[in-house]
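Chains as they are written, first to last, in the working numbering: chain A, 142 to 401; chain B, 142 to 401; chain C, 142 to 401; chain D, 142 to 401. Glycine included, each C-beta is placed from N, C-alpha and C at the ideal position.
There are 4 protein chains.
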Amino acid sequence: MKQPRVVKSDIAWATPEKIVIHGLDLCNDIVGKFDLGQMAFLEVFARVPNEAELRMFNAMMVVLVEHGITPSSLATRLTVCGAPEAVQGAIAAGLLSLGSVFVGSIDNAARMLQEALVDAPADAELDAIATRIVADFKSRREIIPGIGHPFHKPIDPRTPALFKVAEETGFNGRYVALMEKIGAEAARVSKRELPVNVTGAMAAIASEFGVSWKVVRGLAVAARAIGLVGHVMEEMRQPMGDEIYYRMEEEAARHLRPAI
Amino acid sequence: MKQPRVVKSDIAWATPEKIVIHGLDLCNDIVGKFDLGQMAFLEVFARVPNEAELRMFNAMMVVLVEHGITPSSLATRLTVCGAPEAVQGAIAAGLLSLGSVFVGSIDNAARMLQEALVDAPADAELDAIATRIVADFKSRREIIPGIGHPFHKPIDPRTPALFKVAEETGFNGRYVALMEKIGAEAARVSKRELPVNVTGAMAAIASEFGVSWKVVRGLAVAARAIGLVGHVMEEMRQPMGDEIYYRMEEEAARHLRPAI
Amino acid sequence: MKQPRVVKSDIAWATPEKIVIHGLDLCNDIVGKFDLGQMAFLEVFARVPNEAELRMFNAMMVVLVEHGITPSSLATRLTVCGAPEAVQGAIAAGLLSLGSVFVGSIDNAARMLQEALVDAPADAELDAIATRIVADFKSRREIIPGIGHPFHKPIDPRTPALFKVAEETGFNGRYVALMEKIGAEAARVSKRELPVNVTGAMAAIASEFGVSWKVVRGLAVAARAIGLVGHVMEEMRQPMGDEIYYRMEEEAARHLRPAI
Amino acid sequence: MKQPRVVKSDIAWATPEKIVIHGLDLCNDIVGKFDLGQMAFLEVFARVPNEAELRMFNAMMVVLVEHGITPSSLATRLTVCGAPEAVQGAIAAGLLSLGSVFVGSIDNAARMLQEALVDAPADAELDAIATRIVADFKSRREIIPGIGHPFHKPIDPRTPALFKVAEETGFNGRYVALMEKIGAEAARVSKRELPVNVTGAMAAIASEFGVSWKVVRGLAVAARAIGLVGHVMEEMRQPMGDEIYYRMEEEAARHLRPAI
Numbered sequence: 142m143k144q145p146r147v148v149k150s151d152i153a154w155a156t157p158e159k160i161v162i163h164g165l166d167l168c169n170d171i172v173g174k175f176d177l178g179q180m181a182f183l184e185v186f187a188r189v190p191n192e193a194e195l196r197m198f199n200a201m202m203v204v205l206v207e208h209g210i211t212p213s214s215l216a217t218r219l220t221v222c223g224a225p226e227a228v229q230g231a232i233a234a235g236l237l238s239l240g241s242v243f244v245g246s247i248d249n250a251a252r253m254l255q256e257a258l259v260d261a262p263a264d265a266e267l268d269a270i271a272t273r274i275v276a277d278f279k280s281r282r283e284i285i286p287g288i289g290h291p292f293h294k295p296i297d298p299r300t301p302a303l304f305k306v307a308e309e310t311g312f313n314g315r316y317v318a319l320m321e322k323i324g325a326e327a328a329r330v331s332k333r334e335l336p337v338n339v340t341g342a343m344a345a346i347a348s349e350f351g352v353s354w355k356v357v358r359g360l361a362v363a364a365r366a367i368g369l370v371g372h373v374m375e376e377m378r379q380p381m382g383d384e385i386y387y388r389m390e391e392e393a394a395r396h397l398r399p400a401i
Numbered sequence: 142m143k144q145p146r147v148v149k150s151d152i153a154w155a156t157p158e159k160i161v162i163h164g165l166d167l168c169n170d171i172v173g174k175f176d177l178g179q180m181a182f183l184e185v186f187a188r189v190p191n192e193a194e195l196r197m198f199n200a201m202m203v204v205l206v207e208h209g210i211t212p213s214s215l216a217t218r219l220t221v222c223g224a225p226e227a228v229q230g231a232i233a234a235g236l237l238s239l240g241s242v243f244v245g246s247i248d249n250a251a252r253m254l255q256e257a258l259v260d261a262p263a264d265a266e267l268d269a270i271a272t273r274i275v276a277d278f279k280s281r282r283e284i285i286p287g288i289g290h291p292f293h294k295p296i297d298p299r300t301p302a303l304f305k306v307a308e309e310t311g312f313n314g315r316y317v318a319l320m321e322k323i324g325a326e327a328a329r330v331s332k333r334e335l336p337v338n339v340t341g342a343m344a345a346i347a348s349e350f351g352v353s354w355k356v357v358r359g360l361a362v363a364a365r366a367i368g369l370v371g372h373v374m375e376e377m378r379q380p381m382g383d384e385i386y387y388r389m390e391e392e393a394a395r396h397l398r399p400a401i
Numbered sequence: 142m143k144q145p146r147v148v149k150s151d152i153a154w155a156t157p158e159k160i161v162i163h164g165l166d167l168c169n170d171i172v173g174k175f176d177l178g179q180m181a182f183l184e185v186f187a188r189v190p191n192e193a194e195l196r197m198f199n200a201m202m203v204v205l206v207e208h209g210i211t212p213s214s215l216a217t218r219l220t221v222c223g224a225p226e227a228v229q230g231a232i233a234a235g236l237l238s239l240g241s242v243f244v245g246s247i248d249n250a251a252r253m254l255q256e257a258l259v260d261a262p263a264d265a266e267l268d269a270i271a272t273r274i275v276a277d278f279k280s281r282r283e284i285i286p287g288i289g290h291p292f293h294k295p296i297d298p299r300t301p302a303l304f305k306v307a308e309e310t311g312f313n314g315r316y317v318a319l320m321e322k323i324g325a326e327a328a329r330v331s332k333r334e335l336p337v338n339v340t341g342a343m344a345a346i347a348s349e350f351g352v353s354w355k356v357v358r359g360l361a362v363a364a365r366a367i368g369l370v371g372h373v374m375e376e377m378r379q380p381m382g383d384e385i386y387y388r389m390e391e392e393a394a395r396h397l398r399p400a401i
Numbered sequence: 142m143k144q145p146r147v148v149k150s151d152i153a154w155a156t157p158e159k160i161v162i163h164g165l166d167l168c169n170d171i172v173g174k175f176d177l178g179q180m181a182f183l184e185v186f187a188r189v190p191n192e193a194e195l196r197m198f199n200a201m202m203v204v205l206v207e208h209g210i211t212p213s214s215l216a217t218r219l220t221v222c223g224a225p226e227a228v229q230g231a232i233a234a235g236l237l238s239l240g241s242v243f244v245g246s247i248d249n250a251a252r253m254l255q256e257a258l259v260d261a262p263a264d265a266e267l268d269a270i271a272t273r274i275v276a277d278f279k280s281r282r283e284i285i286p287g288i289g290h291p292f293h294k295p296i297d298p299r300t301p302a303l304f305k306v307a308e309e310t311g312f313n314g315r316y317v318a319l320m321e322k323i324g325a326e327a328a329r330v331s332k333r334e335l336p337v338n339v340t341g342a343m344a345a346i347a348s349e350f351g352v353s354w355k356v357v358r359g360l361a362v363a364a365r366a367i368g369l370v371g372h373v374m375e376e377m378r379q380p381m382g383d384e385i386y387y388r389m390e391e392e393a394a395r396h397l398r399p400a401i
């Protein structure tokens with residue numbers, strides 16, 4: 142028979158009198174003192190950020206909170222339409238589309254960067270690495286993650302905004318440099334503009350923070366959960382879900398209905 | 142045939158060059174300048190908070206981010222165990238248990254407070270209202286939401302922490318006062334300690350902010366989404382999901398398996 | 142310290158050589174012998190159905206599998222659009238809108254019926270009970286669940302179809318009779334047609350089966366999960382999610398974008 | 142500006158008087174006549190099955206409905222514990238763990254088979270193909286999907302059960318043969334037993350049916366949704382969620398709590 146392993150979490154513990162999160166007393170050290178960015182940093186890194194870290198982290202988190210009407214916010218709003226009493230379900234529904242097509246491409250960009258530099262010496266030639274990465278993707282006929290954007294072109298305005306903060310806070314390290322070099326090399330090879338997009342920028346900065354590509358999508362998901370609260374609220378006072386339902390039901394089945 | 146209504150959202154719009162959220166330019170006004178608390182406030186209230194509002198809002202948001210191992214974080218961890226590549230699903234799974242038993246009771250407390258004061262004149266006698274509410278719940282044999290806690294007793298330490306910030310920021314208005322009076326009256330009637338718990342405190346403060354009881358749960362859900370990122374990260378480096386699975390599978394079916 | 146309670150499930154157990162579900166050997170007794178309806182019945186009632194039970198149960202289950210383009214199938218399709226690799230998330234997203242507005246109203250209808258008859262003697266006067274229920278709802282200004290339909294009017298065609306099978310299989314008992322009497326009485330009082338709708342019919346039949354109103358929604362959710370597979374498949378070969386996204390994004394923000 | 146594409150679904154349409162699904166009238170052709178397996182087949186293949194197809198399809202669907210206490214059923218039960226009123230959320234939570242580790246591996250097995258035979262001539266040498274596939278996985282140091290099982294060993298009893306039905310119904314075609322040859326070749330190369338497991342068997346049979354590997358996971362997800370209804374029902378009358386919560390909370394944080 143299998144020997145049981147211990148079940149163990151280092152995140153938090155509580156007594157009736159207090160709740161302790163990563164060593165801090167929630168009621169005395171956090172409530173009234175921390176902003177939501179510091180709290181999120183504490184969750185992710187198990188420690189309190191310094192000023193530069195917090196500014197960079199906040200910049201990365203706020204950038205994906207809201208992008209208006211998208212498959213994500215539409216799924217939330219349609220769920221409100223059917224289950225307004227279960228707000229947790231509406232927000233969950235909106236998060237479920239944050240996969241490989243939108244937002245989740247951050248994983249692939251972070252993986253590309255982290256695997257490229259994991260064993261690289263400190264003085265590795267980033268130009269050569271970028272050239273090799275672009276050639277590899279090209280030979281596999283795969284899309285390079287983190288560059289180009291179907292709508293925000295020629296450049297995704299969020300990237301220079303994030304990279305400016307990275308420069309001001311000292312987060313413009315090797316991952317940021319490599320991401321930019323990959324964009325430049327891809328542009329050179331394909332002969333069109335392919336600048337770093339927001340997921341590429343976030344992937345580079347999250348890599349500077351040491352966040353593994355396996356969980357980096359979680360940061361985007363948490364940020365979007367905040368934005369979806371705004372969509373739940375608006376859907377309740379100014380709904381669009383039922384109107385979308387009626388229009389699409391009518392249009393989708395029009396070719397099937399017998400003419401009257 | 143039905144006349145189509147317009148589909149309209151006032152939250153955000155974008156051109157290839159910029160993204161505007163509640164009138165602010167994401168790249169110029171928000172990234173590098175807003176912390177995550179300000180961004181969340183902007184999402185919820187469609188405007189920038191002043192200092193007192195932001196401090197109170199942050200206090201309310203940080204308080205429910207993390208509570209260690211709970212049904213919510215366990216569901217997230219078990220989902221990581223089966224689908225580590227779909228982090229959005231793991232976080233969504235953990236949010237789905239934020240219903241009527243945990244966290245969601247905030248709705249009922251907020252509804253109780255908001256319905257009591259919706260038509261009440263500014264000088265309404267809160268003592269009388271509290272007495273009537275407690276008597277009403279007692280006569281319907283229903284549990285009064287927002288008071289008492291099975292573990293954090295005699296008092297939930299998060300409540301005085303939140304109410305202290307409310308006092309310091311001027312958010313200690315009628316809803317906070319009524320919530321406290323309901324706790325006191327319930328204790329008097331039932332002859333046991335029934336102080337305001339964290340959901341009661343959050344419900345009162347959210348009501349001071351003008352957040353409808355119909356969406357107040359959304360704030361808790363967004364806060365918890367942040368906390369669940371921490372659990373996804375820990376589960377990946379120090380898993381418990383598979384161990385819980387093996388133990389529970391073995392124990393749950395023990396009475397069914399033939400003795401060997 | 143709390144004494145641990147035993148964790149126990151009576152549903153299934155397995156050894157390396159076999160899997161036993163409610164006493165039946167999956168590989169020898171079920172695979173190749175059971176259809177999906179029998180398997181679902183076994184899950185829900187922990188026993189094998191007789192012929193009449195199976196026919197009635199299948200009728201109840203098939204009726205909610207598919208209803209074309211709805212908030213539920215739209216949420217699934219929009220999720221496919223963003224996360225085609227996580228089919229489990231797309232189906233989950235579509236299930237989350239099965240709440241109080243669509244489908245979930247089955248709970249309220251079943252509760253109404255079950256609470257009315259729980260202590261009623263076998264020869265209780267159903268007419269009098271129906272009259273009292275309608276008067277009670279009217280006095281509380283609440284909508285009576287399970288009657289009327291915004292689109293399928295004057296009658297929901299699924300109801301006579303289900304009630305016909307109920308008659309043929311002997312499932313036309315007191316719950317079915319009471320549901321019909323409630324519809325008739327509501328129509329008499331409100332002076333408009335208010336026949337039993339599909340959720341009312343399902344609620345009545347599920348009550349005949351002894352399914353508690355607390356879980357009856359689960360049957361509809363499982364049925365719909367099957368239907369959503371069809372929508373995932375169609376969305377992959379003939380997508381509408383991205384088109385809905387583009388149209389709605391454009392229309393929703395039109396009033397915010399500066400004229401060019 | 143983009144030209145709108147038509148939004149179109151061929152699945153269903155409705156008038157107030159009737160609902161038509163893949164050309165069949167729900168109330169006249171389906172309710173009372175179809176079992177749940179036929180209905181699921183209709184959803185997936187847009188046509189009515191013949192007897193052999195239905196028997197094979199039912200066998201494939203029933204096999205994954207239930208596997209006792211697993212991460213999937215545990216997530217459902219923990220969600221019931223917090224949100225018993227939102228049954229749709231509890232079932233959705235349980236589905237979200239059906240990813241790459243459990244169940245979802247069916248995608249990889251189906252992809253392996255389908256990509257191997259997509260352009261293969263009818264008389265292709267399956268032995269040579271199996272040898273090449275096993276060598277390719279070995280050279281990439283990747284696990285071959287669909288073979289071996291950590292618990293059901295040496296053989297997964299569901300595979301011979303499914304393949305027996307395949308033989309009896311004429312579904313033992315090239316995909317089934319190739320899957321078996323891959324298992325045999327992998328066993329030969331690695332010098333240990335590696336027979337086809339249930340996801341390998343389902344992947345092969347779904348491929349015989351022509352279901353694309355991109356959606357095959359959906360069949361397993363729908364099957365499991367049915368099983369999770371049973372877990373919701375049992376959790377309500379005989380809960381384990383709260384006990385798991387208390388035990389794990391206590392154990393996980395034991396090393397953090399100060400000794401008393």
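Fully contained in the segment 278-359 of chain C are the following alpha helix (DSSP H) runs of length 4 or more, in chain order: 299-310, 315-331, 339-349. Contact residues of the segment 241-269 of chain C toward chain A are S241, V242, F243, V244, G245 (C-beta to C-beta distance below 8 Å). Closer than 8 Å to the CB of L397(C) there is at least one CB belonging to chain B. Ranked by Cα distance from G173(A), the first of L195(B), C168(B), A153(B), V362(B) is L195(B). Among the residues of chain D, those whose CB is under 8 Å from the CB of W154(A) are A394, L397, R398, following chain order. Shortest Cα-Cα distance from L237(D) to any of P286(C), I171(C), G230(C) involves G230(C). Ranked by how close their Cα comes to the Cα of V185(B), the residues D170(B), F350(B), R365(B), L239(B) have F350(B) in first place. Residues L258, L267 of the same chain have their beta carbon placed closer than 7 Å to that of R315(C), with the five preceding and five following residues left out of the count. Looking only at D248(C), V337(C), I270(C), the smallest Cα-Cα distance to A347(C) is reached by D248(C).
Interface criterion met: the Cβ of I210(A) is under 8 Å from a Cβ in chain C. Chain D has no Cβ within less than 8 Å of the Cβ of I274(C). Contact between the segment 379-397 of chain D and the segment 195-214 of chain B is present, with at least three C-beta pairs closer than 8 Å. Partner residues in the beta bridge of A153(B), as assigned by DSSP, are I162(B). Separation of I367(A) and V147(C) (C-alpha to C-alpha, rounded to the nearest whole angstrom) is 39 Å.
Put simply, the backbone Cα of E375(C) is about 30 Å away from that of L183(C).
Cα atoms of T272(C) and E326(C): separation of roughly 6 Å, rounded to the nearest angstrom. When Cβ pairs closer than 8 Å are counted between the two stretches, the segment 278-290 of chain A is seen to touch the segment 239-253 of chain A, the count reaching three or more. The beta-carbon distance between M381(C) and R218(C), rounded to whole angstroms, is 6 Å. This is short enough to meet the 8 Å contact definition. Put simply, the backbone Cα of V244(B) is about 8 Å away from that of V362(B).
Contact residues of the segment 162-174 of chain A toward chain B are I162, L167, C168, N169, I171, V172, G173 (C-beta to C-beta distance below 8 Å). Annotation: the segment 160-208 of chain C contains the following complete segments of the beta strand (DSSP E) (minimum length 3 residues), in chain order: 160-162. In terms of Cα proximity to F198(B), the closest of A364(B), V242(B), K322(B) is A364(B).
Q229(A) sits in a helix when the DSSP states are folded into three classes. DSSP places D383(A) in the helix class (H, G or I) of the three-state scheme. Taking the C-beta atoms as reference points, L319(B) is found no nearer than 8 Å to G235(B).
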